[in-house]
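Note that my numbering has the sequence shown beginning at 54, numbered continuously upward. Note that the Cβ used here is the ideal one computed from N, Cα and C, for glycine as well. Reading through the structure tokens given below for one structure.
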Amino acid sequence: TNTNGETPIFKAIFNNSIRALLMEALINSGAQLNVVTDKKDKGGGGGGEGLLHYAVHLNRADLVRLILQHRPSLDVNKKGATPDELANQLNGSHSIKKYLQQISELFKWLEENGLNDDK
Numbered sequence: 054t055n056t057n058g059e060t061p062i063f064k065a066i067f068n069n070s071i072r073a074l075l076m077e078a079l080i081n082s083g084a085q086l087n088v089v090t091d092k093k094d095k096g097g098g099g100g101g102e103g104l105l106h107y108a109v110h111l112n113r114a115d116l117v118r119l120i121l122q123h124r125p126s127l128d129v130n131k132k133g134a135t136p137d138e139l140a141n142q143l144n145g146s147h148s149i150k151k152y153l154q155q156i157s158e159l160f161k162w163l164e165e166n167g168l169n170d171d172k
């Protein structure tokens, strides 16, 4: 973890050439997906955000899908925005916004029906 609270998987998300492969390898090796950074917001990610927020900032539907396959927390960032709210604020791609909304609804339903496994 660096001084901004970013673990290696946060840095992997910015690797343009192999980010998806690198992130998948880190996730499969047990990387924590529910870490929130301490980084001050400077335009692209940060500001006390989780990994899913970073993927939304980058408008990367493939990374959003990869992260969500492992059921991370959909909690708010330190500014009070969930990843789907952030996608709407940033005018992200329609597919990301729709996917995040559907996943949020699914996670809520699972929790309401006692079917979440606290992953």
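- Nearest to Gly103 by C-alpha distance, out of Leu139, Gln154, Leu74 and Ser82, is Leu139.
- By the Cβ-count criterion, Asn130 is buried, with 16 or more other Cβ atoms from all chains shown falling within 10 Å of its own Cβ.
- Excluding residues up to 5 positions away in sequence, nothing lies with its Cβ nearer than 6 Å to the Cβ of Asn166 in the same chain.
- Remark: C-beta atoms of Val117 and Leu105 approach each other more closely than 8 Å.
- One alpha carbon belongs to Ile156, the other to Leu121, and they sit about 8 Å apart.
- Per DSSP, the continuous alpha helix (DSSP H) segment holding Asp115 begins and ends at Ala114 to Leu121.
- For Ala84, the CB contacts under 6 Å within the same chain, skipping 5 residues up- and downstream, are Ile62 in chain order.
- In the DSSP assignment, Lys132 falls outside any alpha helix (DSSP H) and carries neither an H nor an E.
- Sequence-distant Cβ neighbours of Ala73 in its own chain, meaning closer than 7 Å and more than five residues away, are Asp115, Leu116 and Leu119.
- DSSP places Arg72 inside the alpha helix (DSSP H), whose first and last residues are Arg72 to Asn81.
- Out of Thr60, Ser70 and Arg124, the CA that lies nearest to the CA of Leu163 is found in Arg124.
- With a 10 Å radius around the Cβ and a threshold of 16 neighbouring Cβ atoms, Thr56 comes out exposed.
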